[in-house]
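If you count the sequence shown from 1, position 129 lands on 154 in this note's numbering, and the numbers rise without skipping. Note that beta-carbon positions come from the ideal geometry of N, C-alpha and C, so glycine has one too.
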Amino acid sequence: MEEINRFSGVTFNNEQIERNKKVIKVSIVGIIANVFLAIFKAVIGLMTGSIAIVLDAVNNTSDVASSVITIVGTKLANKAPDKKHPFGHGRIEYLTAMIIAVIIMYAGISALIESVKKIINPTTPEYNTISLVIIVIAIIVKIVLGKFVTKKGKELNSSSLENSGHDALFDSIISTSTLIAAIIFIVTSFSLEAYLGIIISLFIVRSGIEMLREAISSLLGERVDVELVKDITKIILSFDEVKGAYDLIINNYGPNTFTASVHIEVDENLTAKELDELIRKISDKVYAEKNVLITAVGIYAIKYDKKTIEMRKEIKSVLNKYEGILQFHAFYVDEETKTIRFDVVLDFDVKNRNELLENLYKELSNKYKGYNLAIVPDVDFSVSN
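In structure tokens:
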């Protein structure tokens, strides 16, 4: 089991280090391929007078820039936690993905402007066999490169690589349209490349906007993968002392870098020593199996007397009638103070939370007269289906 750095908040284990190395290697492959393609296309484009091929070469240059940014971003994200950033620098990768998305948008807008210029001031391209062969080779290389980088991006959970891979696939579409335009021109002497350039450039701009939205969403903090929530909950519930696990909050500090907090239900008679040992075991097991650092474990005490069990069942049946209540937990009855307390998790789609809680409070107050009710509304962090 790897040692947990409980002081820095985040550690980089061997798996994370290897992951970052692979991201950099894939980016280097992309740089080499795009440099060669950019040189070939620029030469052929200038020889034939084809604006489409020249723009294609410019796109390859932007791909080189994207790969360089990915490498720099990965290097910066791999910096160890420090006093100012105790949770590490992993979110830099999301900023990297945003920059690449902006580059893609810029490339699309540039292509749109140049295509419009060619419609206003048309020029006659001069295609030959060599130029067509170069375009075909470029299409094949870009498709292979795009699929490879996209696949690796998904495997390594790198949005920067995925965006670079999508960019390469977009370039293959541009090259394909250039080839089609060239064939049509050779057969009919009618040039369509400027019009095709407008259509493709708009498609590229739209894709860049979508990528930017995804990167911003990741940076803001999205709901984590439901399978990760289920796996961690399952690990926590594997301990006999734990009767329930709730309020699991997982914070993302970069790809594959998570911290979490959770509340567990345990018997009210457990000692402080027993709780301390339990919490340490839970934290160590979750970190070892899922590489998620548990930073806090809250305790909900539960009782097993007959009256409490019966009241819990009754209140659960009442809650089931209210649409928008996803879960309730932390149930406890204090007979000394005559208090019933529990948390309810409300769906984000509930329009009037206060009205729902007021109706629930009135119904339960009438049902359990003589008791004080403490109903705590909770946020749906991870319990949604």
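query                                                                                                         : result
CA nearest to the CA of residue 360, picked from 98, 398, 181                                                 : 398
CA-to-CA distance, residue 47 to residue 270, given in whole angstroms                                        : 36 Å
Proximity test, residue 380 beta-carbon vs the ligand FMN heavy atom, cut-off 7 Å                             : Here there are no bound small molecules, and the ligand FMN is not part of this structure.
Alpha carbon of residue 26 to alpha carbon of residue 308, nearest angstrom                                   : Only weak support is given to the placement of residue 26: the predicted model assigns it a pLDDT of 38, under 50, and the question is left unresolved by the model.
Inter-residue Cα distance where the pair is residue 61 and residue 52                                         : 15 Å
DSSP-derived helix/strand/coil call for residue 246                                                           : coil
Ranges of the alpha helix (DSSP H) found wholly within the stretch 225-294, counting only runs of at least 4  : 251-262
Beta-carbon proximity of residue 428 to residue 102, cut-off 8 Å                                              : As shown, the chain starts at 26 and ends at 410. That puts residue 428 outside it, with no answer to give.
Beta bridge counterpart(s) of residue 403 as assigned by DSSP                                                 : 370
Pairwise C-alpha distance: residue 193 and residue 163                                                        : 10 Å
Residues near residue 92 in its chain [Cβ-Cβ closer than 8 Å; skip 5 each side]                               : 52, 53, 55, 56, 59, 189
First and last residue of the uninterrupted beta strand (DSSP E) at residue 323                               : 317-327
Nearest-angstrom Cα separation, counted from residue 372 out to residue 352                                   : 9 Å
Beta-carbon proximity check, residue 345 vs residue 280, cutoff 8 Å                                           : no
Nearest candidate by alpha-carbon position, reference residue 122, set 191, 146, 141                          : 191
Distance between residue 382 and residue 348 (C-alpha atoms, nearest Å)                                       : 12 Å
Where the alpha helix (DSSP H) through residue 196 begins and ends                                            : 184-213
Span separating the alpha-carbon of residue 247 from that of residue 106                                      : 22 Å
Every unbroken alpha helix (DSSP H) within the stretch 122-161, with a cutoff of 4 residues, ordered by chain : none
Where the alpha helix (DSSP H) through residue 217 begins and ends                                            : Premise fails: residue 217 is in no alpha helix (DSSP H) and is neither H nor E.
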